[in-house]
Amino acid sequence: MSKIQKIKGFSDLFSPESTIHTLMENLARQVFATYGCQEVRVPILEKTELFARSIGEETDVVQKEMYTFADRKGRSLTMRPEATAGVLRAFIESGQYSGDGSTKLFACGPMFRYERPQKGRLRQFHQLDVEVLGTDAPQADAEVVLMLWTFLSKLGLKNLALELNSLGCPECRPVFHQRLRDFLATIDQTQLCEDCTRRAGTNPLRVLDCKVPACKALVENAPSITEALCSGCAEHFSQVREILDSAKLPYRLNDRLVRGLDYYQRTTFEVVSGEIGAQAAVAGGGRYDGLIKQLGGPDLPGIGFACGMERLALLYGEAHIPAPDFYLAVLDSRALNTALLLAQRLRERGFAGEVSFEARSIKSQMRQANKLHVKTCLVLGQDEMEKGQIMVKDMATGVQKNIGQDDLEQALGFRKP
RNA sequence: GUGGGUGUAGCUCAGUAGGCAGAGCACCUGGUUGUGGCCCAGGAUGUCGCGCGUUCAAGCCGCGUCACUCACCCCA
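Structure (structure tokens):
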């Protein structure tokens, strides 16, 4: 029989990768909770219309990257390509937004986009997502950025760069777009690369961050969104920056930072790494005032971000994975049952470790203990069994002693409350 | 959707001009009567991705196919 393979762009995560994902997810939960985020678990499958309306009908994500299919009654459903839309739909549908203040939500899980896989990009990938709803205060923008940066710092990630921009609002963005189109009309468009010739019509902002040197040179003097912001947006952005400056958070203003989803406006940001290949963004987000209303909810502002877990994992070392507390080596087959019960007792006390299921040479089992990087190797052989004892060896120092089996917890550092 | 690269042991990869399938790591056993890491000796391990073709002979050449991978596009 032929083997069945996993489908392209999907992955099976074994440890250490699975462990790393769990650790990162737990840390995110913990850090974001200190900012008041409540976890929400929302479906992976939504009505296609939800994404069409939020992400934007004309975006690449909606046009050609969604897993969309008809269910058994012919309704068009889509595997979520990002988290925000589903979280907002749930928020609106729950009707919990009555009063004052903001709602802070955390969500995570798999997302799906039909793209060609490459380094840091899969068809099923995982995101950590935060949404802060109900306030457009610049303090909220700053807090969200600080929340993200704090999480990444606690993960121990270095050499990350935070890029910040403001995309303006429905009032000033069209003005900038017109200026940009006017500018593009003045340059020799035949010199642009093939992609940019297309972009100039479809998504002029994208021309600004083209990597082709010829394009870069041509748009060097293009107008900046920053100069086109209306007074409200300019003031809002300047307050956000002021707080981040005071918090001594290092960021780089990038007036060509473009977001791929239509709903973003005002503050947008991205965290990039130079160490994980071409797919350099490990997190990205921004403000989306107006989106909640557009999805049939109240007219509330919102801001959020998502982190790509696979990309974070590329940067996160395996050194963080905790080692087991013990390995229990068994030298005599008559000791196997006793050994298992001793290990069970330790596990009930919260210690983690493994016990051998068969008696083998002490040498091979010591090797096993060493390989598992355990703190302590326990040995149960004929001698110990006869005296009701067990040998305890500290693998770091090599110091070993025989103790009574009843004293095992103390020997491993267990303190009774 | 487009372009490049790679498929050989569990992993990373050599494999010359077409002539018996290789190394390192990892694993197992022993060197030490019950002691890990370092060292030494020995050992097991293959649909050379798959199919067809050329040839006395194919891991190597040709055609096809599948998979993986990197990049473009796009994006977290």
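Numbering-wise, the working numbering comes out as the position in the first sequence, counting from 1, plus 82.
Glycine residues also receive a C-beta, built at the ideal position from the N, C-alpha and C atoms.
Quick caveat, the model's predicted, so the values are computed rather than measured.
Hey, how far is the Cα of residue i from the Cα of residue j?
i: residue 452; j: residue 446; result: 10 Å
i: residue 263; j: residue 402; result: 50 Å
i: residue 101; j: residue 192; result: 16 Å
i: residue 420; j: residue 398; result: 40 Å
i: residue 256; j: residue 283; result: 14 Å
i: residue 179; j: residue 169; result: 13 Å
i: residue 472; j: residue 404; result: 25 Å
i: residue 396; j: residue 358; result: 7 Å
i: residue 185; j: residue 245; result: 25 Å
i: residue 105; j: residue 241; result: 21 Å
i: residue 226; j: residue 371; result: 15 Å
i: residue 356; j: residue 330; result: 22 Å
i: residue 143; j: residue 195; result: 7 Å
i: residue 319; j: residue 327; result: 12 Å
i: residue 96; j: residue 107; result: 16 Å
i: residue 480; j: residue 448; result: 11 Å
i: residue 276; j: residue 324; result: 40 Å
i: residue 92; j: residue 205; result: 6 Å
i: residue 131; j: residue 167; result: 10 Å
i: residue 98; j: residue 348; result: 39 Å
i: residue 438; j: residue 425; result: 10 Å
i: residue 278; j: residue 265; result: 14 Å
i: residue 124; j: residue 239; result: 29 Å
Taking 7 Å as the limit between beta carbons, can you name the residues of its chain near residue i, skipping five residues before and five after?
i: residue 203; result: 197, 361
i: residue 88; result: 94
i: residue 483; result: 474
Buried or exposed for residue i, please, with buried defined as at least 16 other CB atoms from any protein chain shown within 10 angstroms of its CB.
i: residue 385; result: buried
i: residue 248; result: buried
i: residue 86; result: exposed
i: residue 499; result: The pLDDT assigned to residue 499 is 39, lower than 50, so where the model puts this residue is not dependable, and the model offers no usable value.
i: residue 158; result: exposed
i: residue 208; result: buried
i: residue 114; result: buried
i: residue 199; result: exposed
i: residue 423; result: exposed
i: residue 390; result: buried
i: residue 90; result: exposed
i: residue 116; result: exposed
i: residue 221; result: exposed
i: residue 392; result: buried
Which same chain residues, not among the five before or five after residue i, have their C-beta less than 8 Å away from its C-beta?
i: residue 300; result: 269, 270, 273, 274
i: residue 174; result: 374, 377, 378, 379, 380
i: residue 141; result: 342, 343, 344
Which same chain residues, not among the five before or five after residue i, have their C-beta less than 6 Å away from its C-beta?
i: residue 487; result: 470, 472
Query raised in the report: Is there contact here, the region 380 to 398 with the region 215 to 235, by at least three beta-carbon pairs under 8 Å?
Result: Touching, yes.
Query raised in the report: How about the region 226 to 236 and the region 303 to 310: do they share at least three Cβ pairs that are nearer than 8 Å?
Result: In this structure the region 226 to 236 does not touch the region 303 to 310; the number of beta carbon pairs closer than 8 Å is below three.
Report task. Spell out a yes or no on whether the region 237 to 257 and the region 136 to 154 are touching, meaning 3 or more CB-CB pairs, one atom from each, closer than 8 Å. Result -> Output reads no: the region 136 to 154 does not touch the region 237 to 257.
Query raised in the report: Quick check: the region 409 to 418 against the region 464 to 471, are there 3 or more CB pairs under 8 Å?
Result: Touching, yes, given that three or more Cβ pairs across the two stretches are closer than 8 Å.
Report task. Evaluate contact between the region 284 to 299 and the region 308 to 323, counting only Cβ atoms and requiring at least three cross-stretch pairs below 8 Å. Result -> When Cβ pairs closer than 8 Å are counted between the two stretches, the region 284 to 299 is seen not to touch the region 308 to 323, the count staying below three.
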